[in-house]
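Going by the numbering used here, the first residue of the first sequence is number 6, and it counts up by one from there. For every residue, glycine included, the Cβ atom is placed at its ideal position computed from N, Cα and C. Keep in mind it's a predicted model, so treat the numbers as computed, not measured.
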Amino acid sequence: MLESLHEWNLAPGPARALQSQLAQRLELEDRIDPVKHIAGVDIGFEDCGETTRAAVVVLRWDSATAPDLTVVEQVVHREPTRMPYIPGLLSFREIPAALGAFAKLETSPELVMVDGQGIAHPRGLGVAAHLGLWLDLPTIGVAKSRLYGKHAEVGEQRGDWTPLLAGTETIGAVLRSRAKVKPLFISPGNRITLETSLAWVTACLGKTKLPEPTRLADRLASRRDSR
DNA sequence: GCGACAG
DNA sequence: ATCTTGTCGC
């Protein structure tokens, strides 16, 4: 479609304007089909950054055997890097490759966890939120550091969390996913609330800092297991 | 004008 | 993000 051809080739100014527009289309209430498969997404780079590699890992969620998660499919997609990293415009650099990976997927996840911010973004459209609009799926942003918002100190215990604030509005949560480790920044992307996002991230937490979907996608995108 | 700044 | 070995600790 015409719009898609231009969406990924915008200059910084127009890109920021588009983010503000698209943010208004986000659904911040739960609209989630019964969850049977959860996908984790992450992007990596090769050839000194010339090639972008998107990785998607799909895990099976069994309410009966939960929190046991089994990998049912994993896909890697490579394509030329289209633009440099610019704080606040990460989605324009990573989403094209991510969509390529999803296109190769045979399984259809009902929930997606993305390495990056959801609505915890200057214009309310982090990579997880932007991808959620394109896939029309519930997405959760799971970032390893802060981009936007303020917060109090987080408790030391695993599971402790404190709201991430933009003025008086809560846009996410700073979660201590594991004791003695830097906290995670969780924020809803699309079709999900912060409360539900926290519940799913917590449910997918293994013994490491990152929830399984993102942890496995990270490993796959980081070049080690991808070949 | 001076910082801050996902991956 | 990426370049990179060993090493300290639960």
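Identified DSSP bridge partners for residue i
i: THR175; result: LEU170
i: GLU161; result: GLU161 is not bridged to any residue.
i: GLU115; result: Answer is none; GLU115 lacks a bridge partner.
i: THR75; result: ARG65
i: SER192; result: GLY146
Simplified DSSP state of residue i, which is helix, strand or coil
i: GLN24; result: helix
i: TRP13; result: coil
i: ASP38; result: coil
i: ASP52; result: helix
i: ILE100; result: helix
i: THR201; result: helix
i: GLY18; result: helix
i: ALA125; result: coil
Cβ-based burial, residue i [other Cβ within 10 Å; buried from 16]
i: ASP223; result: buried
i: ARG36; result: exposed
i: ARG87; result: exposed
i: GLN122; result: buried
i: PRO193; result: buried
Contact belief for residue i with residue j at Cβ below 8 Å, rounded distance in angstroms
i: ARG181; j: TRP166; result: 7 Å
task = Evaluate contact between the region 39 to 51 and the region 102 to 113, counting only Cβ atoms and requiring at least three cross-stretch pairs below 8 Å.
result = They touch, by the three-pair rule.
Count Cβ pairs between the region 53 to 64 and the region 132 to 152 that sit closer than 8 Å; are there 3 or more? The region 53 to 64 vs the region 132 to 152: no contact.
Is the region 126 to 137 in contact with the region 84 to 103, if contact means three or more CB pairs nearer than 8 Å? Judged by Cβ distances under 8 Å, the region 126 to 137 makes contact with the region 84 to 103, as three or more pairs qualify.
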